[in-house]
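Chemist: Pasting in a structure now, in structure tokens, and then I'll have a few things to ask.
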DNA sequence: CAAGCCTATGTAAGCGCTTACATCACAAAT
DNA sequence: ATTTGTGATGTAAGCGCTTACATAGGCTTG
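Chains as they are written, first to last, in our numbering: chain A, 190 to 530; chain B, 190 to 530.
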């Protein structure tokens, strides 16, 4: 063998390679590989010799070498904004679980912690076979488009982009239902809290809010374009207390917002839902615990992550891109913050 | 060139390699590599030619090939049980953020979704330079030990294992302080809810509970060994309501437990903290929102993740293993479920 | 008993990159 | 004009695997 395999030594034992295993077992590297891959048949005695050698040497195959040879990373990339709150975490869990079933590793990139996002994504593309990107992940469409030219990409809950596969949870109809439910409690001055321009999700929720009004021959108020975080909700609630709006119901873009609005109002002596009804979106854990329980919409977040991983795998396997976004149904969760007993 | 580089074509454009880029730019592959790595000096005109070719071909380097050549994966593995609840998510965020700074990818494995954990970990070891394992991740010590023989390993909040580096948040003293605080509210029949045998964290928290009693010349009751989930808390609360214990204060092993206990009691008409004080551990989001606010302990979870990533990197860089676990300080968060106004 | 056939194993090419070393062109120094 | 130095680039070996193909026994078969 021309190659000079390992006279070297490093801090860690390092260096058991397929060569050293083969030598120790007294077989060729091909046989070692066959034993480890388990595909081809190998004589039982040989198999044992190899396994023993592997054990003794503590051999761990080098993934990179395998990847290079098989021309697959056997890994999926997932790009999310962050993980505070249960939404993304749940999505990630769904993704990871499905990826595990498909024997794919998952490489995670959180955009909020990156200064150079484009570079991070480019670097990610370097080590995975396919990438799922969360829609609101602050990744410019250009980056997605660029990526998509090289690797299979799935956009989760994002702006549809043609030629790029998309998966999402249903928003419009559920929002219409939720808003309708609130209106049917006899509320006449409902407000949508959240910025429809911040992404397709919120946009559709507002659209549902509008539709519910139209269904009843009314017209919806303009949305209050605030952010999605607790602080935004608290700030808005203070505006409210100052009398800036005349409302008897609030449909918030997500639970975080709804919760902070609701508790801020309560702390100021307002009665929810007596004085004002508040509903949210996402059904986070806290929504079950607050009093009154928060009426909200549960998304199949886990399933969404799982679906993304599945599609990625299908795409890598050569399946064609689906033209239309796959939409998963959501579920209205009625508690009492909307006015129900 | 003897090698037959790419006459092939696949579904995806595929196939721009360093060779095609070199050819297009009219330079050697070495030069392309130099431009892309940016280390050595390359004439500006050449650099531009290469960059142009890269652009035109949409070249994305193959990470596996680089890894093989440089003999580094430039990736860290992280093994966590799951991501429900803010604890692990926050840990992961800290880990990811630091890894990003160090230009390391992060490959995530969630043990709850794996059927064959050992295999998953072995496979992980194949593709990363080092691995951080969360203590309670249900990974047997043997697996950790095995791993550790091959790759740098850091155990987060786990059972110390000699020769294996460990990082953790402080438990004992903070638990002593928390328990002391409760006792000093004049409670005399305090109970620890949680199973000290489920891991070093809980064990130390119970030890703090005991110590606080001893500090006051009292002796602590035996722990109530229940699980850490909401359902466990609700079940325990029902036992309590049935009169199975005579208590006026509960120190729960974590917030999830504390919250479900507390609300279950409240729903049954008990007054918290009037009839019974309840405190938790972790300071999850919900703890701020419930009424009364839950007194708890905030852990530097993000910092813990970050520290783990740093240490991993140091170890990969050849730094020696630190003998003693690094412990991060926690912070008592006093709200009103303990009896404070 | 020769001819063929499996089966188990070995041989070697190739995966796409990095990098030590060799080479070359040109400018400066003699 | 010749030598020497220097910066830019090319050459080629190797990273550790997988796998197509070749080979060598041991059986079966006529």
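Beta carbons: idealized from backbone N, C-alpha and C, even for Gly.
Alpha carbon to alpha carbon, how far is residue 499 of chain B from residue 530 of chain B? Give it in angstroms, no decimals.
Modeler: 41 Å
Chemist: What does a CB cutoff of less than 6 Å around residue 287 of chain B pick up in its chain, not counting 5 residues either side in sequence?
Modeler: 495, 498, 499
Chemist: Rounded to whole angstroms, what's the CA-CA distance from residue 429 of chain A to residue 524 of chain B? Just pull it up for me.
Modeler: In a straight line, the C-alpha of residue 429 of chain A is about 26 Å away from that of residue 524 of chain B.
Chemist: So which of B:399, B:358, B:356, B:348 has the shortest CA-CA distance to residue 387 of chain B?
Modeler: B:348
Chemist: Would you check if there are 3 or more beta carbon pairs closer than 8 Å linking the stretch 333-350 of chain A to the stretch 366-376 of chain A?
Modeler: no
Chemist: Do residue 528 of chain B and residue 442 of chain B have their C-beta atoms within less than 7 Å of each other?
Modeler: Judged by beta-carbon spacing, residue 442 of chain B lies beyond the 7 Å limit of residue 528 of chain B, meaning their Cβ atoms are not closer than that value.
Chemist: According to DSSP, simplified to helix, strand and coil, what is residue 391 of chain B?
Modeler: Reduced to three states, the DSSP call for residue 391 of chain B is helix.
Chemist: Short check: CB of residue 333 of chain A to CB of residue 307 of chain A, under 7 Å?
Modeler: no
Chemist: Taking Cβ-Cβ distances below 8 Å as the criterion, which residues of the stretch 238-269 of chain A are in contact with chain B?
Modeler: 247, 249, 250, 251, 252, 253, 254, 255, 256, 257, 262, 264
Chemist: Alpha helix (DSSP H) containing residue 501 of chain A: first to last residue?
Modeler: 490-505
Chemist: Can a CB atom of chain B be found closer than 7 Å to the CB of residue 520 of chain A?
Modeler: Residue 520 of chain A does not count as touching chain B.
Chemist: Helix, strand or coil for residue 358 of chain A per DSSP?
Modeler: Here residue 358 of chain A sits in strand by DSSP.
Chemist: Give the straight-line distance between the Cα atoms of residue 520 of chain A and residue 382 of chain A, rounded to the nearest whole angstrom.
Modeler: When rounded, the distance between both Cα atoms is 20 Å.
Chemist: Would residue 207 of chain A pass as an interface residue toward chain B - the criterion being a Cβ-Cβ separation below 7 Å?
Modeler: no
Chemist: Mind listing which residues of the stretch 489-504 of chain A have their C-beta closer than 7 Å to chain B's C-betas, in chain order?
Modeler: none
Chemist: Assuming residue 434 of chain B and residue 504 of chain B form a contact by the criterion Cβ under 8 Å, report the distance between their Cβ atoms to the nearest whole angstrom.
Modeler: Between residue 434 of chain B and residue 504 of chain B the beta-carbon gap is near 46 Å, outside 8 Å, which marks them as no contact.
Chemist: What are the partner residues of residue 471 of chain A, as DSSP defines its beta bridges?
Modeler: Answer is A:487, bridged to residue 471 of chain A.
Chemist: If you draw a straight line from the C-alpha of residue 360 of chain A to the C-alpha of residue 313 of chain A, how long is it?
Modeler: 30 Å
Chemist: Tell me the start and end of each unbroken alpha helix (DSSP H) in the stretch 203-246 of chain B that is at least 4 residues and wholly inside, in chain order.
Modeler: 207-214, 218-226, 233-246
Chemist: Along the stretch 301-319 of chain A, what residues have a CB closer than 9 Å to any CB found in chain B?
Modeler: Flagged, chain order: 301, 302, 303, 304, 309, 311, 312, 313, 314, 315, 316, 317.
Chemist: Please classify residue 476 of chain A as buried or exposed, where buried requires at least 16 neighbouring CB atoms within 10 angstroms.
Modeler: buried
Chemist: Excluding the 5 residues preceding and the 5 following residue 296 of chain B in the sequence, name in chain order all residues of the same chain whose CB lies nearer than 8 Å to its CB.
Modeler: 264, 265, 266, 267, 313, 316, 317
Chemist: Alpha carbon to alpha carbon, what distance is there between residue 507 of chain A and residue 363 of chain B?
Modeler: 55 Å
Chemist: Between residue 339 of chain A and chain B, is any beta-carbon pair separated by less than 7 Å?
Modeler: A Cβ of chain B is located within less than 7 Å of the beta carbon of residue 339 of chain A.
Chemist: Assuming residue 337 of chain B is part of the alpha helix (DSSP H), what are its boundary residues?
Modeler: 330-339
Chemist: Below 9 Å on C-beta distance, what does residue 480 of chain B contact in chain A?
Modeler: 452, 455, 479, 480
Chemist: What does residue 475 of chain A reach in chain B if we use C-beta pairs closer than 7 Å?
Modeler: 474, 475, 478
Chemist: If you measure beta-carbon to beta-carbon, which residues of the stretch 223-234 of chain B are closer than 8 Å to chain A?
Modeler: none
Chemist: Does residue 329 of chain B pass the burial test, meaning 16 or more other C-beta atoms within 10 Å, or should it be called exposed?
Modeler: For residue 329 of chain B, the number of other beta carbons within 10 angstroms of its own is below 16, and it is reported as exposed.
Chemist: Please list the partners that residue 342 of chain A has in chain B, where partner means a Cβ-to-Cβ separation under 9 Å.
Modeler: By Cβ distance, chain B contributes nothing, its closest Cβ being about 10 Å from residue 342 of chain A, past 9 Å.
Chemist: On the DSSP bridge list, what partners appear for residue 441 of chain B?
Modeler: B:382
Chemist: Is residue 300 of chain B helix, strand or coil by DSSP?
Modeler: helix
Chemist: Please confirm if residue 354 of chain B has its CB atom under 7 Å from at least one CB of chain A.
Modeler: no
Chemist: Under a three-way DSSP split, which group does residue 450 of chain B fall into?
Modeler: DSSP places residue 450 of chain B in helix when its eight states are reduced to three.
Chemist: Taking only beta-carbon positions, decide if residue 508 of chain B is within less than 7 Å of chain A.
Modeler: no
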